[in-house]
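>
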Amino acid sequence: MTAGRMAAAAGVPVELVRIESDGDRMTGSLASLGGTGVFVSALRDALLAGRCDAIVHSLKDLPTAPVEGLVLGAVPEREDPRDALCARDGRTLATLPAGARVGTGSPRRRAALLAARPDLEIVDIRGNIDTRLRRVTEEGDSALDAIVLAVSGLSRLGRTEAITELLDFDVSPHAPGQGALAIEVRDEEPSDELRAALAAVEHTPTRAAITAERSLLAALEAGCAAPIGATASTAGDEVVLRGVVFATDGSASLVREVRERVGNGSIGGGRHSADPQYGGRELPVVEAAFHCGSLLADALLGAGAADLAPLGAPS
7 MTAGRMAAAA
17 GVPVELVRIE
27 SDGDRMTGSL
37 ASLGGTGVFV
47 SALRDALLAG
57 RCDAIVHSLK
67 DLPTAPVEGL
77 VLGAVPERED
87 PRDALCARDG
97 RTLATLPAGA
107 RVGTGSPRRR
117 AALLAARPDL
127 EIVDIRGNID
137 TRLRRVTEEG
147 DSALDAIVLA
157 VSGLSRLGRT
167 EAITELLDFD
177 VSPHAPGQGA
187 LAIEVRDEEP
197 SDELRAALAA
207 VEHTPTRAAI
217 TAERSLLAAL
227 EAGCAAPIGA
237 TASTAGDEVV
247 LRGVVFATDG
257 SASLVREVRE
267 RVGNGSIGGG
277 RHSADPQYGG
287 RELPVVEAAF
297 HCGSLLADAL
307 LGAGAADLAP
317 LGAPS
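Letter 4 of the sequence shown, counting from 1, is numbered 10 in this note's numbering, and no numbers are missing.
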């Protein structure tokens with residue numbers, strides 16, 4: 007869908023170049039793979055080598071550290087950022103049997119599940135969505151009672167029928183950037199066609215939200231596998247950012263929220279020029295969002311976040 011909108015705006019065909027990442031090939035957990043960059047390095051190499059003009063990432067997999075020669079050219083409108091429970095017999099988190107086996111490869115989801123249900127057995131899993139879902143329907147030693155996945159991932163693959171419960175942020179805080187896509191381009195003057203294509207899919211409120219969430223992650227020096235959740239929104243002339251830091255075993259958590267007023271009027275709901283030279287930071291709302299992340303990191307660190315979670319591993 008994103009490629010179709012870009013092609014229509016540019017007035018030229020868009021060719022899809024499929025690239026397999028290290029994260030796609032490896033079978034270990036995200037934490038054991040190093041956590042940062044395993045899904046993006048091969049794509050970035052292809053972009054820098056000129057094999058393609060733009061690359062599309064799941065934003066939650068994108069490290070916060072900048073890469074020389076690349077910028078975030080566009081951020082399309084975000085899908086549902088929530089987590090979803092996919093369980094046997096239509097069960098919810100509350101109705102899973104005592105000691106139920108729940109699969110996830112995410113330290114954040116593990117901590118959130120244990121915070122809500124300390125009796126659960128959390129099973130580390132990897133594989134594509136279909137592989138994971140099969141473990142909820144199969145029998146045998148590898149069978150699971152439930153798994154937790156991103157709603158957006160299930161939606162993109164047409165598998166939302168597997169969802170038995172949508173997990174709100176208070177129960178399973180989503181990862182910074184979850185549900186959003188990132189389109190990276192080379193840091194150079196784009197062609198008229200590429201500029202038009204990026205502008206067609208850019209969504210300013212989403213860029214502001216993910217900027218706030220990722221700014222928090224960067225300021226906490228936390229990798230994308232850290233047990234941290236964040237959600238940001240824009241309303242009127244404010245950016246609102248809420249963050250959660252868990253102990254890895256879910257035994258404790260910190261929740262804080264900050265608000266930052268935009269200095270130049272209300273926040274629009276449309277698109278901007280998405281000039282890849284600046285990555286959107288020239289917009290007052292994006293600057294406010296970036297500042298929100300720093301403010302919230304200070305609040306969480308001041309409350310003892312570094313004593314709860316493994317921080318100091320930049321994404």
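For every residue, glycine included, the Cβ atom is placed at its ideal position computed from N, Cα and C. For clarity, every value in this text was computed on a predicted model and none was experimentally measured.
(1) Whose C-beta lies closer than 7 Å to the C-beta of D125 among residues of the same chain, with five residues either side of it excluded?
(2) Contact check, R84 vs A203 under 8 Å by CB: the rounded distance?
(3) For the beta strand (DSSP E) containing G10, list its first residue and its last residue.
(4) Mind reading off the beta-carbon distance from A315 to A238? Whole number of angstroms is fine, and I expect it under 8 Å.
(5) Quick check on F252: does DSSP put it in helix, strand or coil?
(6) Could you give the C-beta distance for V264 and L247, rounded to a whole number, given that I count them as a contact under 8 Å?
(7) Please go through the same chain and pick out, in chain order, the residues whose beta-carbon is closer than 8 Å to the beta-carbon of R141, but skip the five residues on each side of it.
(8) So L78 packs on A188, CB below 8 Å; how close in whole Å?
(9) Whether or not the segment 111–121 and the segment 54–64 are in contact is what I'm after, with contact meaning three or more pairs of Cβ atoms, one per stretch, closer than 8 Å; do they touch?
(10) Confirm, please, whether the CB-CB distance from V81 to R220 is below 8 Å.
(11) Straight-line CA distance for I169 to L99?
(12) So, with DSSP's three-state summary, where would you put A117?
(13) Could you compute how far the alpha carbon of L302 sits from the alpha carbon of D136?
Walking through what the data contain:
(1) A104 and G105
(2) Between A203 and R84 the Cβ distance is about 19 Å, and since that is not below 8 Å, they are no contact.
(3) Element bounds for G10: not the beta strand (DSSP E) but the alpha helix (DSSP H), T8 to A16.
(4) Not a contact, Cβ separation roughly 19 Å.
(5) strand
(6) 5 Å
(7) G109, I131, S148, A149, L150 and I153
(8) 6 Å
(9) no
(10) no
(11) 12 Å
(12) helix
(13) 37 Å
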